[in-house]
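Chemist: Provided herewith is a single structure, encoded as structure tokens, for subsequent inquiry.
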Amino acid sequence: MKTIRLSEQNADFFDRVYEVVRLIPPGRVTSYGAIASYLGAKRSSRMVGWAMNAAHQHRDVPAHRVVNRVGLLTGKMHFADPEAMEQRLAEEGIEVKEDQVVDFKTVFWDPAIELGF
DNA sequence: GTCTTGACGTTTA
DNA sequence: CTAAACGCCAAGA
156 MKTIRLSEQN ADFFDRVYEV VRLIPPGRVT SYGAIASYLG AKRSSRMVGW AMNAAHQHRD
216 VPAHRVVNRV GLLTGKMHFA DPEAMEQRLA EEGIEVKEDQ VVDFKTVFWD PAIELGF
């Protein structure tokens, strides 16, 4: 059936993103690319970012735990209060300096590994 | 209908 | 090493 709209498929993609983001444990962060890769869309990391933008409709989606590949809080400006993001991360034990996650490599949470690939 | 922008990441020059 | 282009797909103008 070709009548399937891309919107529906992409909605499913978004839903998977939210599911993974919800599974991110406290004190840990992940990257858009890691999520995209886990979903099989390694080069569609932008869609993950777009999904996060739509994630504001959802409650249990800790978008503050998602940063770019270098651990930079690129999306902090999209929160209600940009300060809330790093503050929230600080509460979870994640140190943020200059909008960048300290020891990003240590706190990095890869779904492909933590979830068992 | 086309063109530009975007919470990114990889590859190539 | 740094800088730029490409890919990816969707939404807004």
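Heads up, the first sequence is in the working numbering, so the first residue is 156 and it goes up one at a time.
Note that beta-carbon positions come from the ideal geometry of N, C-alpha and C, so glycine has one too.
The structure displayed is predicted, hence computed values, not measured ones.
#1: Which parts of the stretch 166-244 are runs of the alpha helix (DSSP H), unbroken and 4 residues or longer, counting only runs that do not cross its ends?
#2: From which residue to which residue does the alpha helix (DSSP H) around F259 run?
#3: Distance, Cα to Cα, A196 vs D167?
#4: Use the C-beta contact count for E246: other C-beta atoms within 10 angstroms, 16 or more gives buried, fewer gives exposed.
#5: Return the residue from the list L270, W264, R171 that minimises the CA-CA distance to V216.
#6: Is it right to say R177 is buried, meaning 16 or more other beta carbons lie within 10 angstroms of its own, or is it exposed?
#7: Using the beta-carbon count (16 or more within 10 Å), is K260 buried or exposed?
Modeler: Straight from the coordinates:
#1: 187-193, 200-210
#2: The residue labelled residue 259 in the question sits at position 104 within the first sequence. Run containing F259: 259-262, per the alpha helix (DSSP H) assignment.
#3: On the first sequence, position 41 is the one that residue 196 refers to. On the first sequence, position 12 is the one that residue 167 refers to. Going from the Cα of A196 to the Cα of D167 covers about 13 Å.
#4: As a working note, residue 246 is residue 91 in the first sequence. Label assigned to E246: exposed.
#5: Reading the first sequence from its first residue, position 61 is the one you call residue 216. It is R171 whose Cα lies nearest to the Cα of V216.
#6: As a working mapping, residue 177 is identified with position 22 in the first sequence. By the neighbour-count rule (16 or more Cβ atoms within 10 Å), R177 is not buried but exposed.
#7: For the purposes of this step, residue 260 is identified with residue 105 of the first sequence, where counting begins at 1. K260 comes out exposed.
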